[in-house]
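See below for the structure under consideration.
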Amino acid sequence: MKFFSFFTLLFYLILPSFAQESRGLVLNVDQQEKKNIKAIIVGVSTYENLSAAAQLKYANKDAEAFANFLTQHAHIDPSNIHLFLDDKATAIQVWASIRTALSKAEEGDELIIYFAGHGDVDAMTDNAYLLTHDASSPEEKSFYMMTSIDVSMLQKMVSKMTAMKKFHVLMITDACRSGHILSTEGLSDQTLTSLIADWNNTNKLVSCAPNQLSYEGVEWGNGHGAFTHFLLKGLMGEADIDENNAVDLGELYDYTRGNVRRETKGKQSPQYKGNDADILMTVDAKLLDLARQNNYNISGMEVASRAVDTTNSDPSENQKEELNTFLAAIDQHRLIPPKYIKATENTSISFSSVTKKYQQLEDLSTFKNRVLIRFGNNTIEILDNSLNSVAKIKIDYDTPKLFAGNGDYWALAGTSKTVARYSDQQLIEKSTYHKATINALAISKEATIVTGDEKGNVFIWKNGEESAKKLTKVVAAVQNITLSENEKYIAIADVEGQLVVWDIQKKEKILTEKLSIQANRKMVFIAEGNTLLVPNGRGIKQIDLVKKKTNAEITLPNRHIPNSLMQLDENYVLILGNKGQLLLLNNKDNSVKEMGQNPLGANVKVAATQNSFYAMSSSKLQQSKLTIPLPYAEDFYTKIEESAHYSEQEKENAKGVLAIALQEDAQNIITPFILGSSVQPSLNQIKEAIYQLNYAIRLYNDNPFITEVIYARKWFLEAYEIIIGNDIRNFPKAVALFNKIIEQQPNAAYPYNGIALVNQKLMDLARTKKSIAKAGSLMPKWTAPKSTLATTFIIEEKYTDAIKMYDEIIEIIPKNAKGYVGKAQVYQMMGYYQKAWDLLNEATAKVGTDISIEETKATLLIDLGDLLEAEKCLNKLLKGSYISTSTYLSYVQLKEEFYDRQDRDIALLIDAQQLLLSAIELHPTNADLYAELGKLFTRYPNVFKVKPSEVYALFNQALLLAPFNQVALKNNAEYAYRVDGNMEIAKQATVMYSQMRANFSDLDLFIASIAYAQKDFKLMEGSCKAAMLKNPYKLENYKMLWNVYVQFDKTEELHKLYLMAKENLPKCPWFDYKYALYFKGMRENSKAIAYTKTSLKIAPIYNYAKVIENPSKGISHLYTYDQQTNGKTFTAKGGFYIVQKNSFKGVIDYAGRLVVPIEYKHIQLTQNGYSILTLKDHTKQLTSPDGQILGGRAFQEIEFLDCGLVKVRVNGKYGCLDRSTGKVVVPFKYEVITNGKWAGIPVACCRVNARDTDNTAEYYSIEGKCISCN
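By full-length UniProt numbering, the letter at position 940 of the sequence shown is numbered 940, and the numbering carries on one by one without gaps.
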């Protein structure tokens, strides 16, 4: 619905007062010839991004009726009327058409701009817009400036150009129709007054007054708006009150307003501004007669809905075909050959889609979209492209032997040497000029016929000429002959393998080649007749006729031998092999693809069109569907531009269509950056869009008025190419490009957000905020700068400010994922897992499926411990058409989790490495990927034997792309210190880290980790506390100190840390879960249960806590294990669980961590968490509760003694291990060790000889001391 604020604003914008003495569209009444009136007519009923309730019924019909009226007017040239309806009425199309019309207008011209559809106003900026089909949703109305017609910008353009070129404009606007968009009530009169501006040389008509709606319905012209219905009747002559055969502005307004007010009972009152005496239109008597009879049918008449039309000429069928294919290529976005993105060329053939049975079939050809078949009884039948009969022609003047078709024409040659030319079913003429039997026949699209006979004579017979002319004579009988489409060359092949090419225009032989002799040979011209393809032995000879030399010898796969070549279009040739194989040749790169076997074999007649392949035996005709890509629109535009058959207007229109399509394709790359979409274009897509815009600029290089808006798009993309490519050296250039846009468009907000992104990458956060503030002042409701500000707050570790900003985004665009996902990610950093999960579910309910939501859910599931669900989610994302870098990074994190916690299978880490390498290949300028790969090598140096220089190179590349990358800075220093042991590099890396991230908490955690490695626990504790002080809301800042307190059993300090954490992060379940683990290890089960319940109360979906509460359920969400012989997936004992996979067993603990690798045939769990492991060779190992292998080797026997020692056997001798350290405390020299007592204390009773008595035995205490030896 067009609410009051928009009506009023639009009313003042397009109906200002006038000071000029003579304005408007002035036509001389006595003018009889067509006047140079031009019109841009826009009608939008269907909107791409608006709700169903906001769609309109009759706006498109009104616009079409207005266009039809103008095209039928006797005094108006129809080729000057350009109509844009619904999905053709995009912002770029309409703007480009208006700009072109304004720039091409000459003194005395009249330009009509008509718009029917929705209007809206940005309440924050008071800018009024006419909404085109692709207008952004009302929630993102700040983006209207790039997806709609900005009325103030249109006013400036019209005023400037009409003053400069002295032409006139009539603007008719019906943008007040009912249909809810978004309420914008409450704009002040002062705001409206501030927007009033004079439009030079312009008359205006508006469908209604402020605070009114335009009414539409079937009662007006069987489905129109009341305003347009009476507007048209008035222009047709009913408004000509003084009967001077002309309608002036005053007459039209009085007529339209009076009738509309009467019909709507005063609810709608059209408005106008201008000079009442300005004549708008001379009266066309025919149209006036229809209007008076109330019998006109404007809506049913046809008018071109594109900028390309042929109404000012009578195009041939060939021209129509070219134009239709050109427009089809535009619709399929096949504009120009891609330069940076590999084209997907889908080619296929569906054999035997239609089969017809006949008798006495002898030959086959095609013309236009029809099929010619010849029977043995001198009958030729014409079929349509579905093999339905169209006509049968009985040939009574000769017995047909050969025939060929092309374009609108076909020809035949008879056994009595008659040659005939046909157009569809009509015989045009026939002639007999050969004395010998005709062996070869060809016809061009212009109906020129060339023939060759068994004596080697070659004749050419042009359409319209009385007789054929002998061109040449070749050595042997002519085998095949073909004619180039431009009728410049004729290629002749004889039965002895000689190829001769003639230049018809110069009447000279230009090339002779010796070919292999073969039974069948059919040649084709490509590249507009300048290249010849000839079957030659096992390949195809490609001959450049301009350079008169062979370009290439194209070899077919699998040693196929080509017989016949059938041109499908400029890019593809279908090849029939000598054994019935069908192959497809791509002329662009000379690649050959096998398509399959002809079902009717090799010895049959064949023909092909662009979409069908036909094969014919003596009794059967089969049609197979061919699928090949359309040629690029550029190919046809070049033909149109160079052809003498098209008018200058037609060429200009074709240029406009291609230029607009190129801009729209580029706009599709720009829009995600403007809106901050979750799926953003790749670097190559940006480069491709720039390449397209450069092409569009070259098309209009002579008109800066048109190209200035294309340049703005190009500058924007060039700047983002630098940003996305992390090309730091060119960041100043990116800022300069954005400033050029600002200079051209001072009120544009989007370049300021681009500048903010550059400064954010440079960590100049003060300037970042300054640019965001400027963008916000220009477009307060635009969410992209708000999103940039939110990420700036995250960098600054101001999480509460970031959450507030995301709340603003959600309020503005509640049906967009951006705000929800950003807020959920902040919650995730805080450990607020349940809140993040609930928020993502809310987003899914409101937005539907969105990649950013699914990506965030996947990373959240990993933190929750629902690893199997995370794996499902990531596998689905990896199969999608778009894979972001965050998906790759999350999958690597998942692989590491599986390796660390479930299964020490090196293949998991190798998969992670390969995934990162693939991601780097796709995203070569993403610093996070290089940093993550270096981090992988740092964490698992024993798995990856990578040279230090290669690891440093990864970190250096990451820091070259993003100097402040935290992962690269941290792991670069850590690798040098912990893995490489290069203290010099470690020191340099640490200094760099300190310089780059001195203000951020991750640096303190890094210092803490180094201090821990050096056993400087005081520095470690101080650094962890510094990190928490800088950002008390970041969960990661608490983890290291917590784990160290647990390790050293610092109960009091741990409790203080718990209380502080609960105060700062009350909705984080991690601390209660970790406390539960602590008490579980201390055997204080009641406390463990209590803290587990608290954790699950905060976050019921926290699966790690579920592992403690309900191991069966929790573990089933962590990993996939096999069922054991007891039918269970694990066997529990003392908080530890035996699990099995591929017949091997391992142990996980109550935290779901793998403590014994899954590689043992049998495992015996003791009550206190120790495991006795049986290897494949039946030897045994002993592991501690934390998974450490005790004793450092395998043993033949293991037994726990009452005294606390572990009895083990090696090479037939027994000894004992300390169960805490795994050290050998009783030497391996005894034949027998049993439980014993010494002074009532349990000891190990050790006998050197099995026959030793208790008195001669040696007794060892738990400390490993021989207490009997003294």
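Using N, Cα and C, we set each Cβ at its ideal position, and we do this for glycine too.
In the three-state reduction of the DSSP assignment, Q542 falls in the strand class, which pools E and B. Straight through space, the alpha carbons of L1035 and L1175 are spaced by roughly 41 Å.
In this structure, G676 lies away from A719, with their beta-carbon atoms at least 8 Å apart. At a Cβ-Cβ threshold of 8 Å, A1257 and C1245 count as neighbours.
Per DSSP, the beta-bridge partners of R1209 are E1197, Y1214. In summary, Y1073 is buried, with 16 or more beta-carbon neighbours lying within 10 Å of its beta-carbon over all protein chains present. Inter-residue distance for K1093 and E1109 is about 8 Å (C-alpha atoms, whole angstroms).
Taking 8 Å as the cut-off, the Cβ atoms of L969 and Y930 do not count as close. If you check the CB distance, F351 and L361 do not come in under 8 Å. With a cutoff of 8 Å on beta-carbon distance, S1261 and V1243 are scored as near each other. In this structure, the straight-line span from the alpha carbon of H224 to that of D62 is close to 6 Å. In terms of CA proximity to N1103, L860 leads the group T1166, I373, L860. A Cβ-Cβ distance of about 7 Å is found for the pair F367 and G407, placing them in contact under the 8 Å criterion.
Counting only the Cα atoms, K156 lies some 27 Å from Y695.
Burial check for Q425: the Cβ neighbour count within 10 Å stays below 16, so the residue is exposed. The count of Cβ pairs closer than 8 Å, one atom from the region 533-548 and one from the region 507-522, reaches three, so the stretches are in contact.
Here T418 is bridged, per DSSP, to T432.
Taking a contact to require three or more Cβ pairs closer than 8 Å, the region 617-632 and the region 332-352 qualify as touching. Within its own chain, the residues whose Cβ lies closer than 6 Å to the Cβ of L483, once the five positions on either side in sequence are excluded, are A442, S444, V450, I490, listed in chain order. The beta carbons of H229 and A175 sit about 17 Å from each other, so the pair does not count as a contact at 8 Å.
Beta-bridge partners of F84 (DSSP): V42. For the pair I575 and L585, the CB atoms are nearer than the 8 Å cut-off. Looking at the backbone, the Cα of V1139 and that of Y1160 are separated by about 10 Å.
By the Cβ neighbour-count rule, N222 is exposed, with fewer than 16 other Cβ atoms within 10 Å of its own. Sixteen is the threshold: since fewer than 16 other Cβ atoms of the shown chains lie within 10 Å of the Cβ of G981, the residue is exposed. Rounded to the nearest whole angstrom, the C-alpha separation of Q1123 and G1204 is 34 Å.
In the structure shown, H1162 adopts extended strand secondary structure according to DSSP, grouped into three states. For secondary structure counted as the alpha helix (DSSP H) over 4 or more consecutive residues, the region 634-689 holds these complete runs in sequence order: 648-675. When the beta-carbon positions are compared, E855 and L877 come within less than 8 Å of each other.
Residue range 1111-1118 is occupied by the alpha helix (DSSP H) that includes H1117.
The alpha-carbon of K935 is positioned some 16 Å away from that of L1005. In the DSSP assignment, S103 falls within the alpha helix (DSSP H) that extends over 91-104. Within the model, the alpha-carbon separation for T264 versus Q825 is close to 54 Å. The secondary-structure analysis by DSSP pairs M779 with nothing; it has no beta-bridge partner. Spatial neighbours of D866 in its own chain (CB-CB distance under 7 Å, excluding positions within 5 residues in sequence) are listed in chain order as N1103, H1117. According to the DSSP assignment, V946 belongs to no beta strand (DSSP E), since it is labelled neither H nor E.
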